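Start counting the sequence shown at 0; every next residue gets the next number (our numbering).
Note that CB positions come from ideal geometry on N, CA and C, so glycine has one too.
All of these numbers come straight from a predicted model, not from anything done at the bench.
Here the structure comes first, spelled out in structure tokens, and everything after it is commentary.
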Amino acid sequence: MKNQITSALSDFFFEYETPRQVLVRNRRVGVVCRLIQLGVLVYIIGWVFIYEKGYQSTDTAVSSVFTKMKGVGYTNNSGGERVWDVADYVFPSQGDSSFVVMTNYIMTEGQSMGTCPELPGKHNCNTDADCEGGSFKRTGNGEMTGVCVNRTKTCEVLAWCPVEDDRDVPDPPLLLSAENYTLFIKNSVTFPAFGVSRSNLVEDVDSNYISSCLYHPLSAPLCPIFKLGDIIKLSGLNFQTVAKGGAIGIVVDWTCNFDVHVKHCKPEYTFHGLYGSKEGSSVGYNFRFARHYMEDKIQKRTLLKVFGIRFDIIVQSLARKFDIIPTLTAIGSGVGIFGVSVLNITEAVNRTNNSQHPKKSFKKSGELFLKRNDNKRVQAVLKNKDLFQLNKLYVRPHVQCSWCCRQSRPLYLRTILSSLNSAATSFPLRCQCTPGSAIGHPTL
0 MKNQITSALS
10 DFFFEYETPR
20 QVLVRNRRVG
30 VVCRLIQLGV
40 LVYIIGWVFI
50 YEKGYQSTDT
60 AVSSVFTKMK
70 GVGYTNNSGG
80 ERVWDVADYV
90 FPSQGDSSFV
100 VMTNYIMTEG
110 QSMGTCPELP
120 GKHNCNTDAD
130 CEGGSFKRTG
140 NGEMTGVCVN
150 RTKTCEVLAW
160 CPVEDDRDVP
170 DPPLLLSAEN
180 YTLFIKNSVT
190 FPAFGVSRSN
200 LVEDVDSNYI
210 SSCLYHPLSA
220 PLCPIFKLGD
230 IIKLSGLNFQ
240 TVAKGGAIGI
250 VVDWTCNFDV
260 HVKHCKPEYT
270 FHGLYGSKEG
280 SSVGYNFRFA
290 RHYMEDKIQK
300 RTLLKVFGIR
310 FDIIVQSLAR
320 KFDIIPTLTA
330 IGSGVGIFGV
340 SVLNITEAVN
350 RTNNSQHPKK
360 SFKKSGELFL
370 KRNDNKRVQA
380 VLKNKDLFQL
390 NKLYVRPHVQ
400 CSWCCRQSRP
410 LYLRTILSSL
420 NSAATSFPLR
430 CQCTPGSAIG
440 HPTL
């Protein structure tokens, strides 16, 4: 038992096995093999390294966006003349990355808390019984008092009175001058994995340039000042349509390669119409906004139903830089694919030769035969096994007395190949099977 353990450990630590190589002279097999290897090579170089840039590590940025609007609007309707500046038509006014520019509105002035009838067409009634006191309707403006107002034939409500009448929306929009407003975008990004920070105010963009530039995708692609009309046009929408309410996405794309100088890391702007067509049951974009004030110690408010264009500034980023770890990983995967392709070709060749060369049967088991192949090399063949089925049979040619060993658990078959007669095509040699013995000179 001790000898068996010692022999097994000795074989494990002091023996090294190499795969068998077979030279196949076949044009079809050779062409198929090279084509497969060429395909693997194109995949590794073209796709993994060039297209996917498998030799680089990646990182995404931490981003901050600041915006500022400029422009003045003018209206002259039943409420009189009025000038609208940034504080009036931008919501919110803090310069967030998502904001709304008002293009149309319905104003209800002088509202105060009290009781008043609902609008005609909402909560119609004939008697007080039709108006359940203390209840609310989803489309109503307040809490019903239980009184039916005969003048309007609608229920009386406790609400901000007079209630808003939004049945007639101004058309065309009142603030079409918004097309000429300008938007300034300041964007800062940091790539923590690479320790690089960048701003869209790059080296070529200074205060003198900003004071006179206006974004254009060809002539001024780095200018951070945009005309709203140009943004909507570049997004593929019509300003007259989107002024009734819509949404625009402004994408700031940072795709950088830090294997070159960081000054080449510059933003690219693209514009997308998120919605603004006439299709659908809910058309446009609107919300309500109230400005509260005190008059004669009574709290009042001016209610605005705002129709506008929502702008969402979206920052996308991907930075790359050479890294030895993904490079070695990509190379290792390529070598593995090469190995698998070679194994598949070898297996196909083995199966083809097995089908073309039937197994030979011999009378005695445990006999070893020497055969001379097409390349005039001596090869060993076991009983009922041909050359392509031997996995752990080793022959050392060009040696007068060669060793040939095949592991067959738990026995070790050892023999000496001698009398290499170059004229003989095959001849048997006797083998001795020694259980668990150490490697040494076996006897014939």
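In its own chain, which residues sit with a C-beta less than 7 Å from the C-beta of residue i, not counting the 5 before and 5 after it?
i           : result
residue 98  : 66, 89, 90, 91 and 310
residue 274 : 245 and 246
residue 193 : 58, 257, 318 and 320
residue 124 : 130, 147, 152, 153 and 154
residue 136 : 122
residue 283 : 243, 244, 245 and 306
Could you tell me the boundaries of the alpha helix (DSSP H) in which residue i lies?
i           : result
residue 5   : 1–13
residue 93  : Careful: residue 93 lies outside any alpha helix (DSSP H) and carries neither H nor E.
residue 207 : 206–211
residue 273 : Residue 273 -> not in any alpha helix (DSSP H); beta strand (DSSP E) instead, spanning 267–274.
residue 41  : 26–41
For the ligand PLP, is there a heavy atom less than 7 Å away from the beta-carbon of residue i?
i          : result
residue 97 : In the structure shown, the ligand PLP is absent, as is every other ligand, since no ligand is present at all.
Tell me whether residue i sits in a helix, a strand or coil according to DSSP, three-state version.
i           : result
residue 17  : coil
residue 238 : helix
residue 123 : strand
residue 146 : strand
residue 302 : strand
residue 172 : coil
residue 446 : Residue 446 is absent from the structure shown; the chain starts at 0 and stops at 443.
residue 69  : strand
residue 317 : strand
residue 259 : coil
residue 472 : With the chain running from 0 to 443 in the structure shown, residue 472 is simply not present.
residue 325 : helix
residue 178 : helix
residue 80  : strand
residue 229 : helix
residue 218 : coil
residue 165 : coil
Take residue i and list the residues in its own chain whose beta-carbon comes closer than 6 Å to its own, dropping the five residues that flank it on each side.
i           : result
residue 117 : 153, 154 and 156
residue 300 : 110, 289 and 291
residue 271 : 234 and 248
residue 158 : 140 and 141
residue 345 : none
residue 254 : 317
residue 211 : none
Can you tell me whether residue i is buried or exposed, with buried defined as 16 or more other CB within 10 angstroms of its CB?
i           : result
residue 149 : exposed
residue 86  : exposed
residue 331 : exposed
residue 335 : exposed
residue 9   : exposed
residue 30  : exposed
residue 122 : buried
residue 134 : exposed
residue 305 : buried
residue 347 : exposed
residue 262 : exposed
residue 241 : buried
residue 46  : exposed
residue 112 : exposed
residue 339 : exposed
residue 214 : buried
residue 293 : exposed
residue 0   : exposed
residue 223 : buried
residue 488 : Lying before the first or after the last residue shown, residue 488 is absent from the chain, which here runs from 0 to 443.
residue 217 : exposed
residue 251 : buried
Locate the beta strand (DSSP E) running through residue i, then write down its first and last residues.
i           : result
residue 252 : 245–256
residue 226 : 224–226
residue 184 : 181–190
residue 154 : 153–160
residue 195 : 195–198
residue 84  : Where residue 84 is concerned, there is no enclosing beta strand (DSSP E), given that its DSSP letter is neither H nor E.
residue 135 : Counting along the chain, residue 135 falls outside any beta strand (DSSP E), and DSSP gives it neither H nor E.
residue 294 : 285–294
residue 57  : 55–58
Go through its chain and collect everything with a Cβ distance to residue i's Cβ below 8 Å, but skip five positions before and after it.
i           : result
residue 127 : 145, 146 and 147
residue 174 : 72, 74, 83, 88, 101, 102, 103, 104 and 242
residue 11  : none
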